Amino acid sequence: MKIVLVSFQNARSDRNGVACHIRDTLAVFTRKQKNISLVTPYEWNTLPDKFLRKLSKALFWLYEKTSWELFFFYHLNSIILHLKNNCKRIETEETIYHAHDIISLIALHRLKTHRKVIFTAHFLVEPWREFSQANLLQVGGLYYKKIESMARDSLLMPQLQIITVSERNRNLLAKMLPEKDIFSVVYLGLDLQWNSEHLEYSQPKQPYVLNVGKISNVKNQIALIPIAKHLKAQNRQVLFLLVGPIDTIEKSRIDSLIIQEGVENYFQFAGTVNRDTTYYLMQHSLLYLHTAKMESFGMAIVEACGFSPPVLVFENDVIYEIFQEDREGIIAENFSATEKADLLISYLDSTEKRVSLSDKQTVLFTSKYTIEKMYKSLVGIYEH
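End of the sequence shown sits at 384 in this note's numbering; the numbers just go up one at a time, nothing left out.
Now the structure itself:
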């Protein structure tokens, strides 16, 4: 059995959750001495590989300069061709392809392989909608419809088995694909280690509350500002440390409101850091506070549960699946900013409450989200 992980991302160095998951999977299977390899547009340096990389970059540059969706569409198609060629290069009779994004799955559909194909769906929304939400394609436009058609066709490959990362994710797929009825849920397993030699950001000198995620409307960090305003009124100084890549429009909106409310001393932005640094900051934080409106899985929540700080999470559509029956740590959607701030203060003021919640969440992590549990689940699917 030869397992081939396929991704359009630079999965060896990108820092988002999907890339980290691919690296985790590659590492644990390699450690177990399984035959596993990685296919991305960055893995080989033959002349065709170099040409397709340059073509892809040129097409995206033209798209940025002109906003013509034609260029973006062919940028994606050059990546699809690159992945298809590299998958074909290493295919054997025993190969199982495991794709981690819709572009990779389209490439495998174009490959017309008879080998088994597994797809881990990390969707927050339908994959074609992700292009419109990122302002790359206009909803209903010609190239939007082309991508939607390509994605739907690839998802209906007869030899395809779909893995979802949560029940919420499976429900989304079931609505998208009523023709298919096999969606295995495999929770992303995590190996919580960090190397002090790789740190990219210093721990703040004062105690801090950590938030991890792209600074964006969906991750909802702006909701921390009314809480900070209430803390200021109570003469309580708490630092919110925000870690993650930055959407400049959302960051500008947050900065304006921070200045307007006079809470500049309550916020610090770390920007994009590597995983070692994120784990280091989690382990040394006083408390982890997650504000996202929605998640496909909520990897950062689970990562934080594996470390020592207690985790508080704004109520969203996946959090009850992560926390199971335990409602402690979930901040109800209808709480006012004052109620949220008071709840936060109650944990900041009580070491006993923080330790109690942290202990429960550590047990939860160990029972569901270790790298070994994920490995056993994937092996079962591959062998089946």
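The C-beta atom is built at its ideal place from N, Cα and C for all residues, glycine as well. All figures in this text were calculated on a predicted structure; none of them were measured in a lab.
Across which residues does DSSP place GLN268 in a beta bridge pair? GLN268 is bridged to LEU241.
Under 8 angstroms between C-beta atoms of PHE365 and GLY329: Not in contact: PHE365 and GLY329 (Cβ atoms no closer than 8 angstroms).
State the DSSP-derived secondary structure class of TYR462, mapped to helix, strand or coil. Residue coverage of the chain in this structure runs from 1 to 384, which leaves residue 462 outside it and unanswerable.
Taking C-alpha atoms, which residue in ILE249, SER216 and ILE102 lies nearest to ALA292? ALA292 has its Cα closest to that of SER216, out of ILE249, SER216 and ILE102.
Selected residue, minimal CA-CA separation from ILE371, among THR30, LYS180, ALA270 and SER67: Answer by Cα proximity: THR30.
Tell me the residue span of the beta strand (DSSP E) that contains HIS98. For HIS98, the uninterrupted beta strand (DSSP E) segment begins and ends at 95-99.
For GLY51, does the three-state DSSP call read helix, strand or coil? For clarity, residue 51 is Phe in the given sequence; the question names Gly instead. Correct three-state label for PHE51: helix.
Spatial neighbours of ILE331 in its chain, beta-carbon cut-off 7 angstroms, leaving aside the 5 residues before and after: Contacts found: LEU312, VAL313, PHE314, GLU315, LYS340 and LEU343.
Separation of TYR280 from SER196, as counted between CA atoms: Distance between the alpha carbons of SER196 and TYR280: 8 angstroms.
If you measure between the beta carbons of TYR369 and VAL302, is that distance less than 8 angstroms? Result yes, Cβ atoms of TYR369 and VAL302 sit closer than 8 angstroms.
In this structure, does DSSP put ASN77 in helix, strand or coil? Looking at ASN77 - three-state DSSP - the assignment turns out to be helix.
If you measure from the beta carbon of TRP128 to each beta carbon in chain C, is any gap under 8 angstroms? Absent from the structure: chain C. Only one protein chain is present.
Between PRO178 and LYS214, is the Cβ-Cβ spacing less than 8 angstroms? Remark: C-beta atoms of PRO178 and LYS214 do not approach each other more closely than 8 angstroms.
Have a look at LEU108 and LEU83 and give me their C-alpha separation to the nearest angstrom. Distance between the alpha carbons of LEU108 and LEU83 is about 8 angstroms.
Cross-strand partners of LYS2 (DSSP beta bridge): LYS2 is bridged to THR95.
What three-state label does DSSP hand THR362 in the structure shown? Under the three-state reduction of DSSP, THR362 is assigned to helix.
Should the segment 85-97 be called in touch with the segment 61-71, which here means at least 3 C-beta pairs below 8 angstroms? The segment 85-97 vs the segment 61-71: no contact.
VAL355 by DSSP, collapsed to three states: which one? Helix, per DSSP.
For SER202, the nearest candidate out of LEU81, PHE123 and SER285 (CA to CA): Considering only alpha carbons, the answer is SER285.
Between which two residues does the beta strand (DSSP E) harbouring PHE160 extend? Per the sequence shown, residue 160 should be read as Leu rather than Phe. Annotation: the continuous beta strand (DSSP E) that includes LEU160 extends over 160-164.
DSSP state of THR40 mapped onto helix, strand, coil: Coil.
Cα-Cα separation, LEU257 to LYS229: The straight-line gap from Cα to Cα measures roughly 11 angstroms.
Locate the beta strand (DSSP E) running through LYS116, then write down its first and last residues. First-last of the beta strand (DSSP E) with LYS116: 116-121.
What's the gap between the Cα of GLU200 and the Cα of ASN334? Here the alpha carbon of GLU200 sits roughly 37 angstroms from the alpha carbon of ASN334.
Are the CB atoms of ILE79 and LYS34 within a distance shorter than 8 angstroms? No, these two residues do not count as a Cβ contact at 8 angstroms.
Measure the CB-CB distance between ASN85 and PRO127 and report whether it falls below 8 angstroms. Their beta carbons are not under 8 angstroms apart, which means ASN85 does not touch PRO127 by this criterion.
What's the gap between the Cα of LEU142 and the Cα of SER132? One Cα belongs to LEU142, the other to SER132, and the distance between them is close to 12 angstroms.
Using a 10 Å radius around the Cβ and a threshold of 16 neighbouring Cβ atoms, would you call PHE51 buried or exposed? Result: exposed.
Those runs of the beta strand (DSSP E) which lie wholly inside the segment 173-240 and span at least 3 residues: Qualifying beta strand (DSSP E) stretches, in chain order: 183-185 and 208-212.
From LEU289, ASN235 and VAL28, residue whose alpha carbon lies closest to that of ILE319: In this structure, LEU289 is the residue among LEU289, ASN235 and VAL28 with its C-alpha nearest to the C-alpha of ILE319.
Cβ contact check for the segment 147-165 and the segment 114-128: 3 or more pairs under 8 angstroms: Yes, the segment 147-165 is in contact with the segment 114-128.
Inter-residue CB distance, PHE72 and LEU137 (contact presumed, cutoff 8 angstroms): Between the beta-carbon of PHE72 and that of LEU137 there is about 7 angstroms, and that keeps the pair under the 8 angstroms contact cut.
Nearest-angstrom beta carbon gap, THR272 and ARG15 [assumed within contact, 8 angstroms]: Going by Cβ atoms, the distance from ARG15 to THR272 rounds to 6 angstroms, so yes, they are a contact pair.
Suppose only complete runs of 3+ residues qualify. What are the beta strand (DSSP E) ranges in the segment 292-344, listed by chain order? Whole beta strand (DSSP E) segments, 3+ residues: 311-314.
On the CB-based measure, 16 or more other CB atoms within 10 Å of its CB, does ASN235 come out buried or exposed? By the neighbour-count rule (16 or more Cβ atoms within 10 Å), ASN235 is not buried but exposed.
Kindly indicate which residue of HIS100, ASP191, VAL139 and GLN206 has the alpha-carbon position closest to the one of SER154. The closest CA to that of SER154, considering only HIS100, ASP191, VAL139 and GLN206, is found on HIS100.
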